[in-house]
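Since the structure comes first, as structure tokens, the remarks are kept for the end.
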Amino acid sequence: AMTEMVGHLPVFRDYDKKMISKTSSSCVEMLKGDDGLDKILKLIRAGLPEKLRETAYALATDAARRALTVGRPVPEGHSALAHILMHQYSWRAAEEEIALALKEDPGSAITHEWMGWNLQALGRFQESERAYRRAIELDPLSGTYHYSLAVCVLALGNVEEAARLAERGVQLGAAIAIAPAVLAYVQ
Numbered sequence: 295a296m297t298e299m300v301g302h303l304p305v306f307r308d309y310d311k312k313m314i315s316k317t318s319s320s321c322v323e324m325l326k327g328d329d330g331l332d333k334i335l336k337l338i339r340a341g342l343p344e345k346l347r348e349t350a351y352a353l354a355t356d357a358a359r360r361a362l363t364v365g366r367p368v369p370e371g372h373s374a375l376a377h378i379l380m381h382q383y384s385w386r387a388a389e390e391e392i393a394l395a396l397k398e399d400p401g402s403a404i405t406h407e408w409m410g411w412n413l414q415a416l417g418r419f420q421e422s423e424r425a426y427r428r429a430i431e432l433d434p435l436s437g438t439y440h441y442s443l444a445v446c447v448l449a450l451g452n453v454e455e456a457a458r459l460a461e462r463g464v465q466l467g468a469a470i471a472i473a474p475a476v477l478a479y480v481q
């Protein structure tokens, strides 16, 4: 399917089609690691010209939806689609995909974190806080999850806990460049 899209869409005219297999394999390997999808999306965002980003998100959404129609439910697919939908500000659709992902795999820390982001965007901060705390229960060594919870509890007005969580996130190596700035702000 990806080869067909790259072969037919004018936007990919200059892309070396021989690289699809290598690129796909690299993406699969990255997905196996911590925050793999986030890393892939950041690389794509950094490598794509601004004018192609909407096209890329639309294609990614379409590819994820098609992948989910084949065979048994794939929680990672629903989770990935939810993440893409959040980048498109489709909060309600993302919430539905998150629910499907968690139904199949309630132990996915990253999906709980994305649920937290999504709920926060919807203004549902108490629910967001619970989702972030669940992500930390599942993966207590993720600096990113601590940082996300810090931002949420800060929004809820708990400055002391936000400072403690942001500091812990930085100690754990939060993969978010702004984490030290948030820590400095709450202190």
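Residue 321 in my numbering is what sits at position 27 of the sequence shown, and the numbering runs on without skipping anything. Even glycine gets a Cβ: it sits at the ideal position worked out from N, Cα and C.
Please check the pair residue i and residue j, which I expect to be a contact at CB under 8 Å, by giving their CB distance rounded to whole angstroms.
i	j	result
Arg427	Leu443	7 Å
Tyr441	Ala403	Rounded, the Cβ-Cβ distance is 14 Å, inconsistent with contact.
Leu413	Thr405	Actually they do not touch by this definition, with Cβ atoms about 12 Å apart.
Ala376	Ile392	5 Å
Gly437	Leu459	Actually they do not touch by this definition, with Cβ atoms about 10 Å apart.
Starting from residue i, trace the alpha helix (DSSP H) in both directions and tell me its first and last residue.
i	result
Leu416	Where Leu416 is concerned, there is no enclosing alpha helix (DSSP H), given that its DSSP letter is neither H nor E.
Pro369	Pro369 to His381
Leu435	Run containing Leu435: none; DSSP gives neither H nor E here.
Lys397	Trp385 to Glu398
Leu450	Neither: Leu450 is in no alpha helix (DSSP H) and is coded neither H nor E.
Hey, out of the options, whose CA is closest to residue i's CA?
i	options	result
Asp308	Leu342, Gly401, Glu461 and Glu323	Leu342
Pro400	Ala457, Glu455 and Ala429	Ala429
Ser422	Asn452, Trp408 and Val464	Trp408
Val445	Gln382, Gly463 and Ala393	Gly463
Arg411	Val453, Leu379, Leu346 and Lys312	Looking at the sequence provided, one finds Trp at residue 411 rather than Arg. If we check each option's Cα against that of Trp411, Leu379 comes out closest.
Pro369	Arg386, Thr349, Glu454 and Glu390	Glu390
Under 7 Å: does the beta carbon of residue i sit that close to some heavy atom of the ligand ATP?
i	result
Thr349	What this structure holds is no ligand at all, so the ligand ATP is not there to describe.
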